[in-house]
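In what follows, a structure is listed as structure tokens, so that the remarks can point back to it.
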Amino acid sequence: MSGQQTEQTKQARPAGQPGSSGGYPAHFRVWRGDADGGGLEDFTVEVNEGEVVLDIIHRLQATQAPDLAVRWNCKAGKCGSCSAEINGQPRLLCMTRMSVFDRTETITVTPMRAFPVVRDLVTDVSFNYTKAREVPSFVPPAELAPGEYRMQQEDVNRSQEFRKCIECFLCQDTCHVVRDHEENKAAFAGPRFLIRIAELDMHPLDAAPQSGLDRQTTAQDEHGLGYCNITKCCTEVCPENIKITDNALIPLKERVADRKYDPLVWLGNKIRRRTE
Ligand code: SF4
Ligand code: SF4
Ligand code: FES
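When you line the sequence shown up against the working numbering, it's residues 4 to 279, in that order.
This is the structure we're talking about:
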């Protein structure tokens, strides 16, 4: 009975009030503004045990800044909506625990830098949708009907890693090729879409070659694989722990290089050019 009472007393305590378990005031700096400009605003806001940065942004909306714009959906690290930068690092707001910060430090939250600001923490990520449309999709094998596809488990596992992508675009945001170089965006698809190309290029049933589509050549010539200098920054920020560089970009680069310097391919190209 007394144990039950203790539990009820705990639940009755209002969250975020001084005196609740683990509550403390934190210092936040949040970027406010729109496409025309803006700046950082300071807030002191209550934090409770077990909370994530998105909880604090929601508390700011509820108590001090009702018009603060933030994009979110699942609060479970699965929809990829709440991407922003925390102390300059691209991160998901809903998967960043307050406990990783020192209680006395000022936590700065800003919108993703690589994309245009819509308002406050919300950015226009349509660059990524444009790039997605530029990658030709899986080409079904002509000789097999749906349901007749068979693959080795090893091949399934390889592409499964890339299919964990939640399209948060944190890798796109952190990649130095576009982060500070707007002019590179036209020629560079970014890590998220280079892993999509790598996945399709590794797919044993993809009939792209039979349909005249050379994914390796287009990765290099049309999607900017050559811009990537395998710094691994994209891998470091991926919330799904996809080994973007080691398992997709480097193998794709190796296949492009093998193909370019393959003497039989070289001879074939030369003959083709002469007969054209
Ligand atoms: S490894 Fe390549 S794609 Fe990834 S961040 Fe570095 S340059 Fe960009
Ligand atoms: S590869 Fe990782 S970082 Fe990039 S969009 Fe997908 S989940 Fe996000
Ligand atoms: S709200 Fe869905 S990933 Fe953060």
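Here a beta-carbon is modelled for each residue, glycine too, at the ideal position from N, C-alpha and C.
Endpoints, the beta strand (DSSP E) within which Q213 is located: Element bounds for Q213: n/a, residue is neither H nor E.
K167 Cβ short of 8 Å to ligand 2 heavy atom set: Checking every heavy atom of ligand 2 against the Cβ of K167, one is found closer than 8 Å.
V73 and A117 closer than 9 Å at C-beta: No. Outside cutoff.
Which listed residue (A189, A210, G215, C241) has its alpha carbon closest to that of I198: Per the Cα distances, C241.
Whole-angstrom C-beta distance between V103 and L63, which should lie under 8 Å: Going by Cβ atoms, the distance from L63 to V103 rounds to 19 Å, so no, they are not a contact pair.
Where R74 sits in the DSSP three-state scheme: coil
Contact test: I245 Cβ vs ligand 1 heavy atom, cutoff 8 Å: no
C174 CB to nearest heavy atom of ligand 2 below 8 Å: Checking every heavy atom of ligand 2 against the Cβ of C174, one is found closer than 8 Å.
The region 94-102 in contact with the region 74-81 per 3-pair CB rule at 8 Å: yes
Where V138 falls: helix, strand or coil (DSSP): DSSP, reduced to helix, strand and coil, places V138 outside both helices and strands of the structure shown, so it counts as coil.
Whole-angstrom distance between L255 and G150, CA atom to CA atom: 29 Å
N232: CB within 8 Å of a non-hydrogen atom of ligand 1: N232: yes, Cβ under 8 Å from ligand 1.
Distance between R258 and I110 (C-alpha atoms, nearest Å): Put simply, the backbone Cα of I110 is about 43 Å away from that of R258.
Own chain, CB closer than 6 Å to A251, minus 5 neighbours either side, in chain order: I198, A201
First through last residue of the alpha helix (DSSP H) which encompasses A222: 218-224
beta-carbon L57 near ligand 4 non-hydrogen atom, thresh 8 Å: The model depicted lacks ligand 4 and carries ligand 1, ligand 2 and ligand 3 instead.
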